[in-house]
Every structure is written in structure tokens, then in C-alpha cells.
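Residue numbers (UniProt numbering): 1 to 238.
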Amino acid sequence: MSEGSAKKRKGAKREKTTTTTNRFVKRQASEEPREELTQEEYERRKAKILRRAILIENQYNMLRLQLKDKKLKQAVEYKIQAAEGKSPEYLIGKQEAEVAFEKKNQRNLLWRDMKLAQIRDEYEAEMEMNKTQFDDQYAYEKGRYIDYFTALIAEKQRRADMVGNFLGAFLSLPPVPTKETEQPVLTKEAYEGRTTRSRSKSVKKEEEVVERRGRKPKKQIPEKEKISKRIKEKRKTP
1 MSEGSAKKRK GAKREKTTTT TNRFVKRQAS EEPREELTQE EYERRKAKIL RRAILIENQY
61 NMLRLQLKDK KLKQAVEYKI QAAEGKSPEY LIGKQEAEVA FEKKNQRNLL WRDMKLAQIR
121 DEYEAEMEMN KTQFDDQYAY EKGRYIDYFT ALIAEKQRRA DMVGNFLGAF LSLPPVPTKE
181 TEQPVLTKEA YEGRTTRSRS KSVKKEEEVV ERRGRKPKKQ IPEKEKISKR IKEKRKTP
């Protein structure tokens, strides 16, 4: 047999075969005429058929009772095996339940260990914090105390420097003339652009000489009025 023919035969579809012995095939109606039965033959065949029907029914009832008894017996045996833990279904279910329980138990144990470790860590951290709480509070308060007094000393030093600057500025200013006091020691009309104490003395001597000769001395304008006039003139000029 060649290889090509083998492949062809392998891939070919199988042909459906029909048998004449199939019980579902309807029997062809016989064209032969029915034989005529006598009354005795009819009664004999009828009794035979009834006898077979009664036997079949009795056999069915007997088998049904036997099947029922067998089922009851199996149920009793199953109950006994289930009570003793020996039934196959019980053993299979028990094994599956044990596997599921083992998985769940392992998961619960792992979660418990993790929770216990977390609680232990929190407890140790709390105890450590309680041990160092007073030391930390003391260090914090000490730092605040030092910072406060450092800032206070710096503020006092700043104020002292500011007061010293003000006092130095006030001491460097000339005295302000008043109506009750004498002529100001320092005047703006200075000789050769300078205001000195010796110049003011010479001005006084000159005034005394003028008074002796009978002339009126020049009116001295206060320094504040001169400054205010100069400021007004500067504001007027564009």
C-alpha cells in the first residue's frame, strides 16, 4: 500500500452503514394474509401473553423492592460511615476543608505575628520616649531660655547703641538760642565762612564799640529764621 493512498484513506470520511437489525427501523408490513385463528388458539395465545405480562410485572416489583432495600442499606451504611468518619465523600470533604483551613490558619498566624511585632515596636518606642521625655523637655526649655536671654541682650545692646548715637548727635549740635539767654555763641555770619567762639567775642567787642560811638548795632537774625527763609526760597525757585 502506497503512502499517498494511506493519507487519502486516512483523511477520507467514513461512510455510514445501516443494518437491517436496527430495532428502530420500522418493519415492513407483510403482504401475506393473516392466518385465521380459532377461538381456542386465540384464548391460548391470550393466556400466554397475560402470563408473560404478569411475570414481567412481578419481576419489576421484585427488582424495585430489591433496589429500594439496597438504597436503604446503602443509606444506613453511609450514615454509619459518616458517623465513624470513614465515608469517601466525608473523607474527600474533610481533606479539602483541612487544606483550606491550613491556608487560612497560616495567613492568620502571619497576620498575628506582624501585629504583635507592630505592637511590640510601638511599646518599645513609647517606653524609650518616656525615658528620655524629661531630658528632652529640659534641653528644650534650656535652649528656649538661652535664646530668650540672648535675644534680650542683643535688643538691649541695640537700644544702648541707638541712645548713644542720639546723645552723640545731640552733643554735636550747637545750642539753640532763646529769648531769656544772651546772644548765641555761634552765628551763621562767620568771618571767612567759619563760625568760631573767638569770632563771636570779636563781634561782641565790635558791638560795644559801636554803642560807645552812638550807633545802633546791626540786628542779629536768629539761626532758625535764616534756615527757614533759605528753605522757602529754594521751594519757590523752579
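Positions of the beta carbon are idealized from the N, C-alpha and C atoms, including for glycine.
Indicate the three-state DSSP secondary structure (helix, strand or coil) for T38 in the structure shown.
Along the sequence shown, one-based indexing puts residue 38 at 38. Reduced to three states, the DSSP call for T38 is coil.
Could you tell me the distance, in whole angstroms, from the CA atom of I56 to the CA atom of R64?
Position 56 of the sequence shown, counting from 1, holds the residue named residue 56. Position 64 of the sequence shown, counting from 1, holds the residue named residue 64. Cα to Cα, I56 sits roughly 12 Å from R64.
Which residues bound the alpha helix (DSSP H) around K115?
For the purposes of this step, residue 115 is taken as residue 115 along the sequence shown, with counting starting at 1. Per DSSP, K115 belongs to the alpha helix (DSSP H) from 88 to 131.
Length of the line joining the Cα atoms of K46 and I54:
To locate residue 46, count along the sequence shown from 1; it is residue 46. To locate residue 54, count along the sequence shown from 1; it is residue 54. One C-alpha to the other measures close to 12 Å.
If you reduce the DSSP assignment to three classes, tell me which class L173 lands in.
Against the sequence shown, residue 173 aligns to sequence position 173. Of the three classes helix, strand and coil, the one that applies to L173 here is coil, per DSSP.
Just verifying my parser: in three-state terms, what is the DSSP assignment at G85?
Counting from 1 along the sequence shown, the entry for residue 85 is found at position 85. Reduced to three states, the DSSP call for G85 is coil.
My assumption, with CB atoms under 8 Å, is that Q90 sits in contact with A82. Please give the rounded CB distance.
In the sequence shown, the residue the question calls residue 90 occupies position 90. In the sequence shown, the residue the question calls residue 82 occupies position 82. Looking at the sequence provided, one finds Tyr at residue 90 rather than Gln. Y90 to A82, Cβ: 5 Å. Contact.
If you draw a straight line from the alpha carbon of D135 to that of M127, how long is it in whole angstroms?
As a working mapping, residue 135 is identified with position 135 in the sequence shown. As a working mapping, residue 127 is identified with position 127 in the sequence shown. Each residue's Cα considered, the two are about 14 Å apart.
I need the straight-line Cα distance from K156 to G164, nearest angstrom please.
By one-based count along the sequence shown, residue 156 stands at place 156. By one-based count along the sequence shown, residue 164 stands at place 164. So the two alpha carbons sit approximately 12 Å from each other.
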